[in-house]
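A short worksheet on the structure shown next.
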Ligand SMILES: [Fe+2]
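Here's what the structure looks like:
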């Protein structure tokens with residue numbers, strides 16, 4: 070299929086955005102003011118926590134263990150910081166997301182250092198995957214944004230040839246609890262389901278968004294982090310959202326090859342009130358709840 074990449078400098082009506090995403094479109098919202106603020110906020114936090122004047126080169130100023138320990142602290146600080154959350158919520162609202170209907174998981178600051186020595190462990194890149202192989206939620210929408218300028222050598226790659234083409238994968242036997250237990254025991258284990266056959270990368274599309282921009286795509290897209298050998302680290306932020314109304318009605322991207330035994334709707338909570346998605350879905354029409362909560366009046 071021809072996957073459309075659509076760049077927009079304003080907002081989009083939420084319903085239209087969801088329809089484009091469920092159809093496999095890749096949306097780039099450019100120059101989103103709260104994202105520009107979030108980049109500046111993250112830059113301060115990164116410089117302070119990594120104790121560096123040059124965040125994208127910081128890996129060369131200290132040894133690997135020290136760097137990874139600082140990255141772990143940085144990720145924790147970012148995840149728990151109210152300002153990061155406030156700005157990301159503002160960015161979603163600015164691009165047109167109807168927050169009263171929307172659930173999300175956790176804000177995550179991802180660091181992808183350059184070079185082979187970081188190919189395993191905390192800062193390892195994710196290979197080919199669809200997020201839906203693990204979540205099994207087909208209305209899941211991914212939001213991704215770089216903090217510093219990126220290039221085709223350190224960004225995300227998409228494989229739109231697989232939007233409607235199945236790829237053999239390990240989702241059928243994937244169990245998050247087992248992954249957690251094995252990780253705690255120090256065993257090597259794949260964090261997300263993986264392809265179980267060779268991937269045909271002919272349709273690869275590398276998308277380099279400018280800082281301040283926000284990339285929005287279906288969790289059902291086959292994607293991967295590009296192996297970074299650019300000599301500069303990649304810093305990006307991401308979160309996943311689910312529209313509660315669509316999830317309740319089973320509206321979303323097509324499932325072409327996911328076989329996860331469970332639906333992980335419990336990973337998602339209301340952006341505005343923290344209610345777990347299964348409860349939101351059980352409580353009826355999100356627009357009614359939205360009115361009850363006083364939004365949209
Ligand atoms: Fe992903």
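In the numbering used here, the protein residues as written are 70 to 366. Note that the Cβ used here is the ideal one computed from N, Cα and C, for glycine as well. Since the model is a prediction, treat every value here as computed from it, not as a measurement.
- Taking a cut-off of 8 Å for Cβ pairs, the segment 202-210 and the segment 308-320 touch, as three or more such pairs fall below it.
- Boundaries for residue 177: no alpha helix (DSSP H) harbours it, while the beta strand (DSSP E) harbouring it runs 177-181, taken from the DSSP string.
- Here DSSP, grouped into helix, strand and coil, assigns residue 204 to helix.
- Rounded to whole angstroms, the separation of the alpha carbons of residue 128 and residue 203 is 31 Å.
- In this structure, residue 150 has its CB at a distance of at least 7 Å from all heavy atoms of ligand 1.
- Taking C-beta atoms as the reference points, residue 289 and residue 322 count as a pair closer than 8 Å.
- Beta-bridge partners assigned by DSSP to residue 312: 171.
- Boundaries for residue 226: no alpha helix (DSSP H) harbours it, while the beta strand (DSSP E) harbouring it runs 225-227, taken from the DSSP string.
- Residue 126 is classed as exposed because its beta carbon has fewer than 16 other beta carbons within 10 Å across all chains shown.
- Taking a contact as a CB-CB distance under 8 Å, the pair residue 103 and residue 115 does not count as one, their CB atoms being some 18 Å apart.
- Taking all protein chains shown into account, residue 331 has fewer than 16 neighbouring C-beta atoms within 10 Å of its C-beta and is therefore exposed.
- A distance criterion of 7 Å places the beta-carbon of residue 211 in contact range of ligand 1, judged by its closest non-hydrogen atom.
- Of the heavy atoms belonging to ligand 1, none sits nearer than 7 Å to the Cβ of residue 245.
- For residue 146, same chain residues with a beta-carbon under 8 Å away, outside a window of 5 residues either side, are 114 and 118 in chain order.
- With a cutoff of 7 Å, residue 200 counts as near ligand 1, since its C-beta is closer than that to a heavy atom of the ligand.
- Contact check between the segment 132-144 and the segment 173-188: three or more CB pairs, one atom from each, fall below 8 Å, which counts as touching.
- For residue 95, the Cβ stays outside the 7 Å cut-off from all heavy atoms of ligand 1.
- Three or more beta-carbon pairs separated by less than 8 Å are not found between the segment 247-257 and the segment 213-226, which leaves the two stretches without contact.
- Judged by their CB atoms, residue 205 and residue 327 are nearer to each other than the 8 Å cut-off.
- Of the residues 269, 166, 346 and 343, the one whose Cα lies closest to the Cα of residue 285 is 166.
- Taken from the Cβ of residue 114, every heavy atom of ligand 1 lies 7 Å or farther away.
- For residue 96, the secondary structure class from DSSP, reduced to helix, strand or coil, is strand.
- Under the 10 Å beta carbon count, residue 317 is surrounded by 16 or more other beta carbons and is classified as buried.
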